[in-house]
Amino acid sequence: MDNKAISPDPAPAALLLEWYDGHARDLPWRVKPGARPDPYRVWLSEVMLQQTTTAAVTPYFAKFVARWPTVEALAAAPEAEVMAAWAGLGYYSRARNLVACAREVAARGGFPDSEGELRKLPGLGPYTAAAIAAIAFGRRAVVVDANVERVVARLRAIEEPLPGARKAIRAATDAITPESRAGDFAQAMMDLGATICTARDAKCLLCPLASLCRGRATGDPLRLPVKAAKKARPRRTGTAFWIEQDGAVWLVTRAGRGMLGGMRALPDDGWSARADGHGDPPLGGRWQAGGVVRHTFSHFDLELGVAIYAGDAVADISGGEWWPVERLEAAGLPTLFAKAAQLVLAR
DNA sequence: AAAACGGGGAA
DNA sequence: TTCCCAGTTTT
Numbered sequence: 001m002d003n004k005a006i007s008p009d010p011a012p013a014a015l016l017l018e019w020y021d022g023h024a025r026d027l028p029w030r031v032k033p034g035a036r037p038d039p040y041r042v043w044l045s046e047v048m049l050q051q052t053t054t055a056a057v058t059p060y061f062a063k064f065v066a067r068w069p070t071v072e073a074l075a076a077a078p079e080a081e082v083m084a085a086w087a088g089l090g091y092y093s094r095a096r097n098l099v100a101c102a103r104e105v106a107a108r109g110g111f112p113d114s115e116g117e118l119r120k121l122p123g124l125g126p127y128t129a130a131a132i133a134a135i136a137f138g139r140r141a142v143v144v145d146a147n148v149e150r151v152v153a154r155l156r157a158i159e160e161p162l163p164g165a166r167k168a169i170r171a172a173t174d175a176i177t178p179e180s181r182a183g184d185f186a187q188a189m190m191d192l193g194a195t196i197c198t199a200r201d202a203k204c205l206l207c208p209l210a211s212l213c214r215g216r217a218t219g220d221p222l223r224l225p226v227k228a229a230k231k232a233r234p235r236r237t238g239t240a241f242w243i244e245q246d247g248a249v250w251l252v253t254r255a256g257r258g259m260l261g262g263m264r265a266l267p268d269d270g271w272s273a274r275a276d277g278h279g280d281p282p283l284g285g286r287w288q289a290g291g292v293v294r295h296t297f298s299h300f301d302l303e304l305g306v307a308i309y310a311g312d313a314v315a316d317i318s319g320g321e322w323w324p325v326e327r328l329e330a331a332g333l334p335t336l337f338a339k340a341a342q343l344v345l346a347r
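The first sequence: position 162 = 162 (full-length UniProt numbering), numbered continuously.
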């Protein structure tokens, strides 16, 4: 079923692409203008960039393409190694889906080149499928990320609050997306949003779309897009347990789904977003306090106490592995547990 | 439709 | 501190 059609307007794309030719950001996953990018690198960067800043992604992207230069190489990697390499980047279901996607793509002999087929791959939602279709395959696709939402909401002075405004923003983006250079157009919109029309600023004097911008005409573009009020973050407490013996520390691998799913970790007392941990150690004997780590997740704050085992030599323990402390970096601990380990090792 | 899901950089 | 970021998946 069709939504109310907005008539196409080629003017913004014309101005924006002219600006982009002289002001494109130089990013590791981009290629020279006119060159055809490697779909593998486009896909990898787009997945890493989901809800993640370019600054955070850059070193991970370099590490991944050096270690796994092709989708076939990544498909052949053990999932645990990819998870460990992803450690610190967050949203770990992305890493699990990355491996699943690489294996599907390798099995079928390459990436599909249409938005619809890309959308079926694990970890590719509406944004990423459109972005890859446009950037890697030159398809016309309507690419809407947080930058585009902001730029379009201002350009068209869309007053409806997010997330309700998504449909209107998508329609407005569709109406200004060109038939050719849709990939450059998408990246230009993102560059504009990242450098000129930012969340906290609007450098309208530098903006190539200023003459067309209804948000600027209202005199207060910064109030757009309007966002719904966010709810308060719950506060939780929990405990992690440091058990060290003969130069090795006891690590577990967390369950596949849920918080930090599939990642190596210190054993803990079952804390979650819904409830505090029970506090009971995984092993009898003496324990001493090792300090507290404060960590903020997307949907709750955690105060994690670290307990250090001070009992007799451990004989029977199972469900994990002894990991040499001097190689702890290679374990791929998520940041929360890396902080806890740092606390213990610095004492 | 709403909640789950990380972490770091910027102001 | 608070806000936000090249969103997707599950409930």
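All C-beta atoms, glycine included, are put in the ideal place defined by N, C-alpha and C.
Closest by CA to Thr54, which one among Thr195, Cys207, Val293? Nearest C-alpha to Thr54: Thr195.
If we ignore side chains and look at the alpha-carbon of each, how far apart do Ala14 and Cys213 end up? Between the alpha carbons of Ala14 and Cys213 lies a gap of roughly 14 angstroms.
Rounded straight-line distance, which links the Cα of Ala202 to that of Lys63: Going from the Cα of Lys63 to the Cα of Ala202 covers about 34 angstroms.
Relative to the C-alpha of residue 358, which candidate in Pro112, Gly305, Ser7, Pro37 has its C-alpha closest? Absent from the model: residue 358. The displayed extent of the chain is 1 to 347, so no value can be given.
For Ala102 versus Ser114, is the C-beta spacing smaller than 8 angstroms? No, Cβ-Cβ distance for Ala102 and Ser114 is not below 8 angstroms.
Go ahead and label Ser298 buried or exposed: buried means 16 or more other beta carbons lie within 10 angstroms of its beta carbon, across all protein chains shown. Ser298 comes out exposed.
Let's test the definition: count the other Cβ atoms within 10 Å of the Cβ of Val71 and tell me whether it reaches 16, buried, or not, exposed. Its Cβ being crowded by 16 or more others within 10 Å, Val71 is buried.
Nearest to Pro281 by CA position, among Arg347, Ala85, Tyr127, Ala240, is which residue? Pro281 has its Cα closest to that of Ala240, out of Arg347, Ala85, Tyr127, Ala240.
Pick out the complete alpha helix (DSSP H) segments inside the segment 107 to 136, 4 residues or longer, and give them in chain order. Correct list: 115 to 118.
Leaving out the 5 sequence neighbours to the left and right, which residues in its chain are closer than 7 angstroms to Val344 when beta-carbon positions are compared? Counting only Cβ-Cβ distances below 7 angstroms, and skipping sequence neighbours, we find Trp242, Gly290, Val306, Ile308.
Going by beta-carbon coordinates alone, are Val144 and Arg108 separated by less than 8 angstroms? With contacts defined by Cβ atoms closer than 8 angstroms, Val144 and Arg108 do not form a contacting pair.
Given a threshold of 16 other Cβ atoms within 10 Å of its Cβ, counted over all protein chains shown, does Val226 qualify as buried or as exposed? Exposed, since its Cβ has fewer than 16 Cβ neighbours within 10 Å.
Nearest to Val293 (by Cα), restricted to the options Leu206, Trp68, Leu304, Ala24: Closest option to Val293, Cα to Cα, is Leu304.
What alpha helix (DSSP H) runs, 4 residues minimum, are completely inside the segment 177 to 247? Every alpha helix (DSSP H) of 4 residues or more that sits fully in the segment 177 to 247 is shown, in chain order, as 182 to 195, 214 to 217.
Answer with buried or exposed for Glu179, where buried requires no fewer than 16 other C-beta atoms within 10 angstroms of its C-beta. Label assigned to Glu179: exposed.
Can you find the residues in the same chain that come closer than 7 angstroms, C-beta to C-beta, to Asn3, ignoring five residues on each side of it along the sequence? Per-residue confidence for Asn3 stands at a pLDDT of 47, beneath the threshold of 50, marking its modelled position as unreliable; the derived number appears in the next sentence. So the qualifying residues of the chain are Lys167, Ala171.
Please look up how many angstroms separate the CB atoms of Ala265 and Leu333, rounded, as I've assumed it's under 8 angstroms. That belief holds up - the Cβ atoms of Ala265 and Leu333 are roughly 7 angstroms apart, short of 8 angstroms.
Return the CA-CA distance between Arg181 and Ala210, expressed in angstroms with no decimal places. Arg181 and Ala210: Cα-Cα distance of roughly 21 angstroms.
Taking the alpha helix (DSSP H) that Gly285 falls in, what are its first and last residues? For Gly285, no alpha helix (DSSP H) segment is defined, and its DSSP state is neither H nor E.
Per DSSP, which residues does Tyr309 bridge with? Please list them. In the DSSP output, where bridge partners are listed per residue, Tyr309 has Trp287.
Less than 8 angstroms between C-beta atoms, sequence neighbours within five positions excluded: which residues of the same chain meet that for Arg119? These residues qualify, in order along the chain: Gly125, Pro126, Ala129.
Hey, Ala310 and Trp323: beta-carbon distance below 8 angstroms or not? No. Outside cutoff.
Cutting at 7 angstroms between CB atoms, please list the residues of its own chain near Arg156, excluding the five before and the five after it. Answer for Arg156: Ala172, Arg214, listed in chain order.
For a quick check, are the C-beta atoms of Ala346 and Gln245 less than 8 angstroms apart? No, they are not a contact pair.
Alpha helix (DSSP H) segment containing Pro39, residue limits: Where Pro39 is concerned, the enclosing alpha helix (DSSP H) starts and stops at 39 to 48.
For Pro163 and Met1, the rounded distance between their alpha carbons: Low confidence applies here, because Met1 scores a pLDDT of 37, under 50, leaving its location unreliable and the question unanswered by this model.
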